[in-house]
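Peer 1: Chains as they are written, first to last, in our numbering: chain A, 4 to 377; chain B, 823 to 1268. Yeah, the Cβ is synthetic: ideal placement off N, Cα and C, and Gly gets one too.
1) Helix, strand or coil: how does DSSP classify residue 86(A) here?
2) Which of the three DSSP states, helix, strand or coil, is assigned to residue 45(A)?
3) Inspect the beta-carbon positions of residue 151(A) and residue 138(A) and report whether they are closer than 8 Å.
4) If you follow the beta strand (DSSP E) that residue 265(A) is part of, which residue opens it and which one closes it?
5) Taking 8 Å as the CB-CB cut-off, is residue 237(A) touching chain B?
6) Which residues in the same chain as residue 1169(B) place their Cβ atom closer than 8 Å to its Cβ, once the five residues preceding and following it in sequence are excluded?
7) Let me see if you follow: with CB-CB separation under 8 Å, is residue 169(A) close to chain B or not?
8) With a 10 Å radius around its C-beta and 16 neighbouring C-beta atoms as the bar for buried, classify residue 114(A) as buried or exposed.
9) Would residue 209(A) and residue 181(A) be called neighbours here (beta carbons separated by less than 8 Å)?
10) Against chain A, which members of the stretch 912-926 of chain B pass a CB distance test of less than 9 Å?
11) In chain order, what residues of the same chain have a beta carbon less than 6 Å from the beta carbon of residue 177(A), not counting five sequence neighbours either side?
12) Residue 216(A) touches chain B at which residues, Cβ-Cβ below 8 Å?
13) Output the distance between the C-alpha atoms of residue 1033(B) and residue 843(B), rounded to the nearest integer angstrom.
14) With distance defined between alpha-carbon atoms, name the residue in 110(A), 112(A), 367(A), 294(A) nearest to residue 33(A).
15) Starting from residue 1252(B), follow the beta strand (DSSP E) in both directions and report where the run begins and ends.
16) Is there contact here, the stretch 68-79 of chain A with the stretch 284-304 of chain A, by at least three beta-carbon pairs under 8 Å?
17) Any idea what DSSP makes of residue 25(A), helix, strand or coil?
18) Express the C-alpha separation of residue 1048(B) and residue 1246(B) in angstroms, rounding to a whole number.
19) Kindly indicate if chain A contains any beta-carbon less than 8 Å away from that of residue 991(B).
20) Given a limit of 9 Å on CB to CB distance, which residues of the stretch 75-92 of chain A reach chain B?
21) What did DSSP end up calling residue 261(A) once you bin it into helix, strand or coil?
22) Could you give the residue range of the beta strand (DSSP E) that holds residue 151(A)?
23) Could you pull the DSSP bridge partners for residue 209(A) from this structure?
24) Report all residues from its chain with a CB closer than 8 Å to the CB of residue 25(A); omit the five preceding and five following residues, and keep chain order.
25) Are any of the Cβ atoms in chain A nearer than 8 Å to that of residue 932(B)?
26) Is it buried or exposed for residue 226(A), if we count other Cβ within 10 angstroms and need 16 for buried?
27) To which residues of the same chain is residue 261(A) closer than 8 Å at the C-beta, ignoring the five residues directly before and after it?
28) Relative to the C-alpha of residue 1136(B), which candidate in 1154(B), 1115(B), 1150(B) has its C-alpha closest?
29) Which bits of chain A does residue 1006(B) rub up against, with CB to CB less than 8 Å?
30) Below 6 Å CB to CB, which residues in the same chain sit around residue 892(B) once its five sequence neighbours on both sides are set aside?
31) Using a 10 Å radius around the Cβ and a threshold of 16 neighbouring Cβ atoms, would you call residue 270(A) buried or exposed?
32) Taking Cβ positions only, does residue 998(B) come closer than 8 Å to chain A?
33) 8 Å is my cut-off, CB to CB: does residue 879(B) come that close to chain A?
34) Inspect the beta-carbon positions of residue 144(A) and residue 307(A) and report whether they are closer than 8 Å.
35) Assuming the contact rule is C-beta atoms closer than 8 Å, residue 943(B) and residue 974(B) should be a hit. Round their C-beta distance to whole Å, please.
36) Grab me the residues of residue 1249(B)'s own chain with a C-beta within less than 7 Å of its C-beta, minus the 5 sequence neighbours each way, in chain order.
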């Protein structure tokens, strides 16, 4: 409930901002709707005019996750004969706005963006939409196609994996550390799902449910050192891969890391994957296959420019990487095109909702969409 | 197997000792477990106080934060009403926490962090409230949005939850210990009770069994006594019957012996009647007298009650009467007078004395008064020291020193008979006559 209250607040702010600027086009769907599943047989639209066959990527930073998106987009652009441009904002909101406005002026036909600050970026994105270009965003609106991860499901996949381990390997008893992410409120359902999964194991006690000051390895390590002062013996650590990796480093430093522990993260960070391969305490990482959804977004951008109807929203489905399925996952993320072409394999990673095309672009999503909203 | 009184006493002492030791065990374990319970109770109180302090500190911080946020959002100072009280309570509980947390390096580090976090949290709240009061809304909002307050609260919660959880764990451990103690106490009491019941049961069973065995022995004894009496009565009857048969047989034998001796005496008498030689005739007469004397004893025996003993007074009277009659039949004129004290003697001895007195009286008749009448006196009397004396006295011619009158057979018979009964014979001159004395033992033997 609290998360949705925050979402509505963001929505209200967006509306306020758009109201302040001179309105040059429709505001899109501002009230949350539940989208039907994507219909690939939907009628074609007119082709966008006066736009270049260019696929641009406005990237927030150089984290591995985003590097995967960039690689997927690059592959799709190559496959569909689009020019690929990339701009990295280094976590600077103003710079990103500037970069996006540059793409607008360059009349790029398609833009994929991972916003640093959704609020400040939204007007520029709306202008690109109004220009008839494809806008795909990684999570926040506005966008013709919003890419989102079902946050609750993502957390549930990790929570269930941890609960199964506690039941089968730790005799149903464990002291659990949950490293949350206070600065990104839309991630809150992840942690709600993890807490819900752990409720199925009465012997699992969450001894710490806390957000590191910075969501990176140093933040995770620092927080774990503090947690160890209060709780010297820990069995399970869950959170984003980066902070969990930091926590693991702190435990190793304190000499309290054991192979029987369960460290599980979200994001499928390469360092986490390496830890899983070593067979130590790091047991799972819930991955959102960024090259695959990056590739898909690139394909959808090309379809848009060809007048095809494309999904309004897309879920990247979470996958718990373990020692058992890691090899196949690496093959899939290395070759996202083959996954995209194989409908069965594609459905394991992606789920698409709604339909939109150049002619119906006024129906773009201008609210924080989530497939988990009911 | 029957039990002895020694076993009963031994087993009773042993059972009492076991019961006593068991009782001591119950009392000892109760005291020990009670002491442990007291210790657990004190530790539980301390853990509970620590938990309460941590919970109250967390609650006070939450109240203060709630108050602060209400003021920041609404701008109404009414929200600040509980703020100061909550802050004061937080400081009080922090001090209590410092006192109650067991001293250790780890706990000291935790306390330092909690103190720092609480102080910083209170300062952050004070600062935002002050900014709001000074109408510096944007700065207050910036501090609020920095999430520092939440991070501090989360950190405080991390440590306080840990303290609460440790207190809970400790309380649970103590509770389990107390449960275990209670179980031990119950077990000790039950086992002790069972042992005491078994001891009492064992002692009771032993006593009952002993009493039952005594009762059974008494009953068996009674039965045996009853049987024994019956057997004694039956045996006595059998013995009496056997005795009667024996007495009848003895009487019959004596009767036959007496008759046979009488027959022999008659044959001797017939023989003497046919013999003309005077000396032979007299010899046969003496023999007849001797046989009759013996026969007389047997007559007494079969007519008496007891064949073992003979009433000498009665027996000798009969013998003397026969001798006197026989002497008178042969023409002797002396008279016979006798004084016999009552005296019983064994049958064999009585026969010997009968033969001796026959010899002596016959001799007195024949030799003391050869040609004139006189008196022969026979006396039987008791002497001192279990002795008796038989004497035959006459006032006749006396015993001359010359050759013995008669064949001398009589004297040899007397001597032989006297010797066989251990008697002493003496012949004493008394006046003109002679006194023949036989001293013998008058003790009834056997």
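Peer 2: By the coordinates alone:
1) The residue given as residue 86(A) occupies position 83 in the first chain. Strand, per DSSP.
2) As a working mapping, residue 45(A) is identified with position 42 in the first chain. DSSP places residue 45(A) in coil when its eight states are reduced to three.
3) Along the first chain, one-based indexing puts residue 151(A) at 148. Along the first chain, one-based indexing puts residue 138(A) at 135. Contact: no.
4) As a first step, residue 265(A) is located in the first chain; it is residue number 262 there, counting from the start. 265-269 is the extent of the beta strand (DSSP E) around residue 265(A).
5) The residue labelled residue 237(A) in the question sits at position 234 within the first chain. No, its Cβ sits nowhere closer than 8 Å to a Cβ of chain B.
6) For the purposes of this step, residue 1169(B) is identified with residue 347 of the second chain, where counting begins at 1. For residue 1169(B), the CB contacts under 8 Å within the same chain, skipping 5 residues up- and downstream, are 1119, 1123, 1129, 1130, 1131, 1132 in chain order.
7) Counting from one through the first chain, the residue named residue 169(A) turns up at place 166. Answer no: the Cβ-Cβ gap between residue 169(A) and chain B never drops below 8 Å.
8) Taking the first residue of the first chain as position 1, residue 114(A) is located at position 111. By the neighbour-count rule (16 or more Cβ atoms within 10 Å), residue 114(A) is buried.
9) Taking the first residue of the first chain as 1, we reach residue 209(A) at position 206. Taking the first residue of the first chain as 1, we reach residue 181(A) at position 178. Their beta carbons are under 8 Å apart, which means residue 209(A) touches residue 181(A) by this criterion.
10) Taking 9 Å as the cut-off between beta carbons, none of the residues of the stretch 912-926 of chain B comes near chain A.
11) Counted from its first residue, the first chain places residue 177(A) at position 174. Correct list, in chain order: 169, 207, 238, 239.
12) As a working mapping, residue 216(A) is identified with position 213 in the first chain. Within chain B, the residues near residue 216(A) are 973.
13) Here residue 1033(B) refers to the residue found at position 211 when the second chain is read from its first residue. Here residue 843(B) refers to the residue found at position 21 when the second chain is read from its first residue. Taking the straight line joining both Cα atoms gives about 27 Å.
14) Working through the first chain from its first residue, we reach residue 33(A) at position 30. It is 367(A) whose Cα lies nearest to the Cα of residue 33(A).
15) Here residue 1252(B) is taken as the residue at index 430 of the second chain, counted from 1. Where residue 1252(B) is concerned, the enclosing beta strand (DSSP E) stretches over 1246-1252.
16) yes
17) Translated into positions along the first chain, residue 25(A) becomes position 22. Unreliable placement is indicated for residue 25(A), whose pLDDT of 49 sits below 50; the coordinate value is still reported in the next sentence. It is coil, neither helix nor strand.
18) Here residue 1246(B) is taken as the residue at index 424 of the second chain, counted from 1. Here residue 1048(B) is taken as the residue at index 226 of the second chain, counted from 1. One C-alpha to the other measures close to 55 Å.
19) Here residue 991(B) corresponds to residue number 169 of the second chain, with the count starting at 1. No, its Cβ sits nowhere closer than 8 Å to a Cβ of chain A.
20) none
21) Taking the first chain and counting its residues from 1, the one referred to as residue 261(A) is at position 258. Looking at residue 261(A) - three-state DSSP - the assignment turns out to be coil, as it is neither helix nor strand.
22) Here residue 151(A) is taken as the residue at index 148 of the first chain, counted from 1. Start and end: 148-151.
23) To locate residue 209(A), count along the first chain from 1; it is residue 206. According to DSSP, residue pairing for residue 209(A) in a beta bridge involves 179(A).
24) Mapped onto the first chain, residue 25(A) falls at position 22. Caution is warranted here: a pLDDT of 49 is assigned to residue 25(A), below 50, making its placement in the model unreliable, and the coordinate value is therefore given only provisionally. Nothing listed; no residue qualifies.
25) As a first step, residue 932(B) must be located in the second chain, where it is residue number 110. Answer yes: the Cβ-Cβ gap between residue 932(B) and chain A drops below 8 Å somewhere.
26) In the first chain, residue 226(A) corresponds to position 223, counting from 1. Buried: at least 16 other Cβ atoms inside 10 Å.
27) As a position in the first chain, residue 261(A) is number 258, starting the count at 1. So the qualifying residues of the chain are 284.
28) Residue mapping note: residue 1136(B) aligns to position 314 of the second chain, counting from 1. Nearest C-alpha to residue 1136(B): 1115(B).
29) As a first step, residue 1006(B) is located in the second chain; it is residue number 184 there, counting from the start. Within chain A, no residue has its CB atom less than 8 Å from the CB of residue 1006(B), the nearest being about 27 Å off.
30) If you number the second chain from 1, residue 892(B) lands on position 70. Answer for residue 892(B): 901, listed in chain order.
31) Residue mapping note: residue 270(A) aligns to position 267 of the first chain, counting from 1. Answer is buried; the Cβ neighbour count reaches 16.
32) By 1-based counting over the second chain, the position of residue 998(B) is 176. Chain A contact via Cβ: absent.
33) For the purposes of this step, residue 879(B) is taken as the residue at position 57 of the second chain. Output row for residue 879(B): interface = no.
34) Residue numbering aside, residue 144(A) sits at position 141 when the first chain is read from its first letter. Residue numbering aside, residue 307(A) sits at position 304 when the first chain is read from its first letter. Cβ distance not < 8 Å, so residue 144(A) and residue 307(A) don't count as in contact.
35) Your numbering for residue 943(B) matches position 121 in the second chain. Your numbering for residue 974(B) matches position 152 in the second chain. Sure, about 4 Å apart at Cβ, within 8 Å.
36) Within the second chain, numbered from 1, the residue matching residue 1249(B) stands at position 427. Once the five neighbours on either side are set aside, the close Cβ partners of residue 1249(B) are 1221, 1256, 1258.
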